[in-house]
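Undergrad: Before I ask anything, let me first share the structure, which is written out below as structure tokens.
In the working numbering, the protein residues as written are 345 to 568.
Rendered as structure tokens:
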């Protein structure tokens, strides 16, 4: 089973993923985080150098995308088209497309190599690609693009949407910053966060995604 965590920047996805993995290990449940699983396919799960692990995951994901990406050529064409229309610098467009292709490639690596008894938890997988494609300070969210995305994106078995109040997300993003927000003002950050929340809320209601999605509302440190 492939599970994916989605949510706006600052929602606490990485923290929750680590906690879920710890609880699973304590309970004897076989659950592996996505990047860890990908590295194990290369026999390199023992590596602890952060930058080297990131490079190797990118290489493996690229291989997955090249070898199996033809299955999702309509989705790739759609993502490329959306980014070409987005009024952001060309370098940023390529960077966002690279991230989308990485998410797609990692999805295929996990899908093709996953063992039946193993659950793989991915932080920011294929569905989270909506954040890379649609959430920008330079333009408004296009609901029609989100709808098309929902119809084309390859889906994991279960999606966990970690939802947080917008004011909390804005506060956290102002503190940590974000590479796609050039003007780190409260207004720019608030717009960025609002666009992300609207995108994920729309996806959560789509008929293809809703049956697979569990919405978790975070309040402070508690999850309900």
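Even glycine gets a Cβ: it sits at the ideal position worked out from N, Cα and C.
Out of curiosity, what's the CA-to-CA distance linking residue 480 and residue 425?
TA: In the chain shown, counting from the first residue as 1, residue 480 sits at position 136. In the chain shown, counting from the first residue as 1, residue 425 sits at position 81. Looking at the two C-alpha atoms, the distance is approximately 16 Å.
Undergrad: Round the Cβ separation of residue 467 and residue 346 to the nearest angstrom and send it over; I've been treating them as touching at under 8 Å.
TA: Numbered from its first residue, the chain shown carries residue 467 at position 123. Numbered from its first residue, the chain shown carries residue 346 at position 2. In fact, because the Cβ distance is near 12 Å, the residues do not count as touching under 8 Å.
Undergrad: Please say whether residue 475 and residue 540 have beta carbons closer to each other than 9 Å?
TA: Indexing the chain shown from 1 puts residue 540 at position 196. Indexing the chain shown from 1 puts residue 475 at position 131. Contact: yes.
Undergrad: For the beta strand (DSSP E) containing residue 348, name the first residue and the last one.
TA: Here residue 348 refers to the residue found at position 4 when the chain shown is read from its first residue. Looking at the DSSP string, the run of the beta strand (DSSP E) that includes residue 348 is 346-350.
Undergrad: Just how far apart, CA to CA, sit residue 372 and residue 365?
TA: What you label residue 372 is simply residue 28 of the chain shown in a count that begins at 1. What you label residue 365 is simply residue 21 of the chain shown in a count that begins at 1. Using only the alpha carbons, I get a separation of about 10 Å.
Undergrad: Mind listing, in chain order, the continuous alpha helix (DSSP H) runs of no fewer than 4 residues lying wholly within the stretch 466-526?
TA: Whole alpha helix (DSSP H) segments, 4+ residues: 473-478, 487-496, 510-520.
Undergrad: Would you identify the three-state DSSP class for residue 561, choosing helix, strand or coil?
TA: For the purposes of this step, residue 561 is taken as residue 217 along the chain shown, with counting starting at 1. Note: residue 561 maps to strand in three-state DSSP.
Undergrad: If you measure between the beta carbons of residue 490 and residue 543, is that distance less than 9 Å?
TA: Here residue 490 corresponds to residue number 146 of the chain shown, with the count starting at 1. Here residue 543 corresponds to residue number 199 of the chain shown, with the count starting at 1. Against a cut-off of 9 Å, the Cβ pair of residue 543 and residue 490 comes out as a contact.
Undergrad: In the DSSP output, what is residue 463 paired with across the bridge?
TA: Translated into the one-based positions of the chain shown, residue 463 becomes position 119. Answer by DSSP bridge pairing, in chain order: 375.
Undergrad: Does chain C have any CB closer than 9 Å to the CB of residue 526?
TA: Looking for chain C here will not work: only one protein chain is present.
Undergrad: Do residue 401 and residue 446 have their beta-carbon atoms positioned less than 9 Å apart in this structure?
TA: Looking up residue 446 in the chain shown gives position 102. Looking up residue 401 in the chain shown gives position 57. In this structure, residue 401 lies closer than 9 Å to residue 446 by Cβ.
Undergrad: Among the candidates 465, 485, 411, whose CA atom is the shortest distance from the CA of residue 449?
TA: Within the chain shown, numbered from 1, the residue matching residue 449 stands at position 105. Of the candidates 465, 485, 411, the one whose C-alpha sits nearest the C-alpha of residue 449 is 411.
Undergrad: Where does the unbroken alpha helix (DSSP H) through residue 539 begin, and where does it stop?
TA: Walking along the chain shown from the start, residue 539 turns up at place 195. Looking at the DSSP string, the run of the alpha helix (DSSP H) that includes residue 539 is 530-549.
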